[in-house]
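Participant: Protein chains in written order, with our numbering: chain X, 6 to 124; chain L, 31 to 142. No residue lacks a Cβ here, since even glycine has one placed at the ideal position from N, Cα and C. Have a look at this one.
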């Protein structure tokens with residue numbers, strides 16, 4: 006079973022409107038972290054927002070907010086007031102304990118959602 | 031802070047040759063670095079985890095003799111694609127970790 010599921014291969018949103026990108030996850034760990042990254046056509050991975058499994062409040066970073074529903078195992082990204090520059094691929098990722106034994110954590114990525122902002 | 035660089039950003043090589051990609055953490059020391067591969071319109075797939083001074087841990091299906099990883103210092107890890115073939119053409123991204131992962135800008139490899 007996939008650990009991170011992004012069911013929307015592509016999304017369109019009108020400029021200045023809000024958009025929600027879906028992400029569900031699967032883990033048996035009690036402690037985990039959820040991330041959203043933006044990848045423009047240049048390829049760089051831009052960190053947007055982080056939610057820890059024990060965080061009681063939804064994370065927010067400027068126009069980005071994370072709708073964390075732990076019981077449903079979902080971590081949807083909400084982008085408010087979309088801008089043309091928001092057009093990019095968006096990846097949801099989960100951090101679990103690594104098998105490297107070094108205390109660092111692996112990230113598992115979803116397949117991504119391509120967001121297109123329409124002027 | 032937390033800047034990670036990769037060099038080169040783009041490389042074209044002939045089939046059968048080897049290519050080395052460098053990943054550097056510029057303003058912090060990273061005990062762990064990760065190497066990912068991303069094919070067009072696909073997600074990032076973890077190839078290997080490397081810890082300074084020890085052998086890398088490769089993910090299932092990744093050939094360790096083909097993708098040589100060296101993590102000689104706390105600020106530098108290298109990935110060498112040996113005897114490259116066209117199917118190795120991909121976007122390779124590294125990340126360096128203190129606790130969080132900070133990503134490099136990626137290297138686009140094209141094997142002709």
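(1) For the pair the stretch 28-48 of chain X and the stretch 92-101 of chain X, tell me if three or more CB-CB distances fall below 8 Å.
(2) Note the first and the last residue of the continuous beta strand (DSSP E) segment covering residue 15(X).
(3) Note down the Cα distance separating residue 128(L) from residue 136(L), rounded to an integer number of angstroms.
(4) Say whether chain L places a C-beta atom closer than 9 Å to the C-beta of residue 120(X).
(5) On the three-state DSSP scale, how would you describe residue 39(L)?
(6) By a C-beta neighbour count over all protein chains shown, 10 Å radius and 16 as the cutoff for buried, is residue 111(X) buried or exposed?
(7) Rounded to the nearest angstrom, how far is the Cβ of residue 75(L) from that of residue 66(L), given a contact under 8 Å?
(8) Please classify residue 39(X): does DSSP put it in a helix, a strand, or coil?
(9) Identify, in the order they occur along the chain, each residue of the same chain with its Cβ nearer than 6 Å to the Cβ of residue 79(X), setting aside the five sequence neighbours on each side.
(10) Taking the beta strand (DSSP E) that residue 77(L) belongs to, which residues open and close that run?
(11) Nearest by alpha-carbon distance to residue 71(L): which of 15(X), 91(X), 83(X) is it?
(12) So, for residue 37(L): in the same chain, excluding its five sequence neighbours on each side, which residues have a beta-carbon less than 6 Å away from its beta-carbon?
(13) Kindly list the residues whose CB is nearer than 7 Å to the CB of residue 91(X), restricted to its own chain and excluding five residues on each side of it in sequence; keep chain order.
(14) Please identify, using Cβ separations under 9 Å, the residues of the stretch 36-53 of chain X that lie next to chain L, in order along the chain.
(15) Using a Cβ cut-off of 9 Å, pull out every chain L residue sitting near residue 96(X), in sequence order please.
(16) By DSSP, does residue 57(X) sit in helix, in strand, or in coil?
(17) Who are the Cβ neighbours of residue 114(X) in its own chain at under 7 Å, not counting the five residues just before and after it?
Facilitator: With the given structure in hand:
(1) At 8 Å Cβ cutoff, the stretches touch.
(2) Annotation: the continuous beta strand (DSSP E) that includes residue 15(X) extends over 15-19.
(3) Computed Cα separation, rounded: 19 Å.
(4) For residue 120(X), the answer is no, since every Cβ of chain L falls outside 9 Å of its Cβ.
(5) Coil at residue 39(L), not helix or strand.
(6) Label assigned to residue 111(X): buried.
(7) Indeed, because the Cβ distance is near 6 Å, the residues count as touching under 8 Å.
(8) Taken through DSSP and simplified to helix, strand or coil, residue 39(X) comes out as strand.
(9) Result list for residue 79(X): 29, in chain order.
(10) Where residue 77(L) is concerned, the enclosing beta strand (DSSP E) starts and stops at 75-81.
(11) Among 15(X), 91(X), 83(X), the Cα nearest to that of residue 71(L) is on 15(X).
(12) So the list reads 52, once near-sequence residues are dropped.
(13) Hits under 7 Å: 84, 120, 122.
(14) Here the close residues are 38, 40, 42, 44, 47, 48, 49, 50, 51, 52.
(15) Going along chain L in sequence order, the residues near residue 96(X) (Cβ under 9 Å) are 73, 74.
(16) Three-state DSSP puts residue 57(X) in a strand.
(17) Counting only Cβ-Cβ distances below 7 Å, and skipping sequence neighbours, we find 9, 96, 98.
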